[in-house]
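In the working numbering, the protein residues as written are 25 to 457.
Here it is in structure tokens:
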């Protein structure tokens, strides 16, 4: 009988979390003002937990859970929820996989029954496995045909060479072809157990009703623990540029800067720094590359945090002849942030934007459910929104400046390009300037 290895830290607001006998975790965000309920089954396994020969198996398994159970065909699974006016979906990330559904609050029992059926009873029928191989190969081809998506995978391979974080979540055509039905059953049996699963619920439901329903389902779960992962150990000493030459109309660039793990307190300063740099249309990069110089139609920056590392990625699409000038402007904006703190007005706008976006996102039951899953799997606790608001509000402009100095260094920079260019000569020097 598995033992309960962790006790939840209860937040001071309305979020509730309970580790049930057997290890299954239940998290609830009661939302008495909402008509909907969102339900998610989260499993703490993703792309970075896969051995090299099984690259893409988490994503393959995600697809197959929609292809039929002992009780329902693939069509019946969809109809059971869509016939109520709801929807069902899933995604795979580097560190977890999520299966979720949303419908009116009165339909919570159906959502729980259908997602539980998928999660626990999928049959992995051989014909469905073979069909899904072809579907995922088409998905891989779709990414390769879209340079703005392909360049992100190319960047990951550059940021994390010879590491699971650098491999495509979809796998490769070669790895997809190797998965057997026994491999898929073994992977689910190993990772989809109670000790590695969170059921997250957000909606106008009583905690007692939800817990009672989930406790009945929990009896069907086997044991399981979070899997280990290969640490991301940086060995980079100078900027790296990777080019995929392709006959495209534009050059797509992705500049990745290694930052810090999700537990690092500098993540709050980075959140505001990213807003100032490139998250929205009033950001420095958008103004410099689109509004002032018209070098690019699209330019943005985004953050990712993992258990032991993180990155900030700047993305843009532009005419190939404009690439040196655009990279020069990007480097200039990075240097400005590393040289001096933002002005009081710019800092205030970034802080208010971050807090406003947080508040707006949590008006939605699906986003509340996502919040529960990401917080619990990432931190083993639930942070109430007021805590995050307070931590964002406590960031000082000087901390943004220090974070930029810490991370905006040549040995942390990696550039990926999908472009008609035949050579990257001279581009590394631009990053090292």
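All residues carry an ideal CB built from backbone N, CA and C; glycine is no exception.
Own chain residues within Cβ distance below 8 Å of residue 401, not counting five before or after: 66, 68, 119, 120, 222
Straight-line Cα distance separating residue 367 from residue 442: Approximately 36 Å, taken between the alpha carbons.
Contact set for residue 4: own chain, Cβ-Cβ below 8 Å, skip 5 residues either direction: Absent from the structure is residue 4, since the part of the chain shown begins at 25 and ends at 457.
Inter-residue Cα distance where the pair is residue 35 and residue 231: Because residue 35 sits at a pLDDT of 41, beneath the cut-off of 50, its placement in the model cannot be relied upon, and the following sentence gives the value as read from the coordinates. Spanning the two alpha carbons is a distance of roughly 15 Å.
Three-state class that DSSP yields for residue 39 in the structure shown: Correct three-state label for residue 39: coil.
Straight-line gap, residue 140 to residue 335 (C-alpha atoms, nearest Å): In this model, residue 140 and residue 335 are separated by some 34 Å (Cα to Cα).
Continuous beta strand (DSSP E) stretch holding residue 111: start and end: 111 to 116
Length of the line joining the Cα atoms of residue 392 and residue 385: 8 Å
Among 104, 59, 438, 423, nearest to residue 296 - alpha-carbon criterion: 423
Distance between residue 362 and residue 430 (C-alpha atoms, nearest Å): 8 Å
Whole runs of the beta strand (DSSP E) within the segment 181 to 231, excluding any shorter than 3 residues: 221 to 227
Same chain, Cβ closer than 6 Å to residue 437, neighbours up to 5 away in sequence not counted: Only residues of its own chain outside the window of five on either side were considered, and among them 263, 281, 455 have a CB closer than 6 Å to the CB of residue 437, listed in chain order.
Sequence-distant residues of the same chain with beta carbon closer than 6 Å to residue 228, five excluded per side: 55, 56, 58, 129
Secondary structure of residue 305, DSSP reduced to three states: coil
Unbroken alpha helix (DSSP H) run spanning residue 389, endpoints: 389 to 403
Test item: CB-CB of residue 85 and residue 212 under 8 Å: The beta carbons of residue 85 and residue 212 sit closer together than 8 Å.
Reduced DSSP secondary structure (H/G/I, E/B, other) of residue 32: Confidence at residue 32 is low in this model, with a pLDDT of 43, below 50, so its placement is unreliable and no value can be given for it.
Between the CA atoms of residue 355 and residue 316 - distance to the nearest angstrom: 16 Å
Alpha helix (DSSP H) segments (min. 4 residues) lying fully within the segment 146 to 180: Segments of the alpha helix (DSSP H) lying fully in the segment 146 to 180: 150 to 169.
Pairwise C-alpha distance: residue 388 and residue 96: 30 Å
Proximity below 8 Å, CB of residue 303 to CB of residue 339: no
Distance between residue 417 and residue 214 (C-alpha atoms, nearest Å): C-alpha separation (whole angstroms): 42 Å.
Residue 311 (DSSP reduced to helix, strand or coil): helix
Residue 291 to residue 298 span [Cα, whole Å]: 10 Å
Beta-carbon proximity of residue 160 to residue 200, cut-off 8 Å: yes
Contacts around residue 322, its chain only, beta-carbon distance under 7 Å, and the 5 residues preceding and following it disregarded: 340, 341
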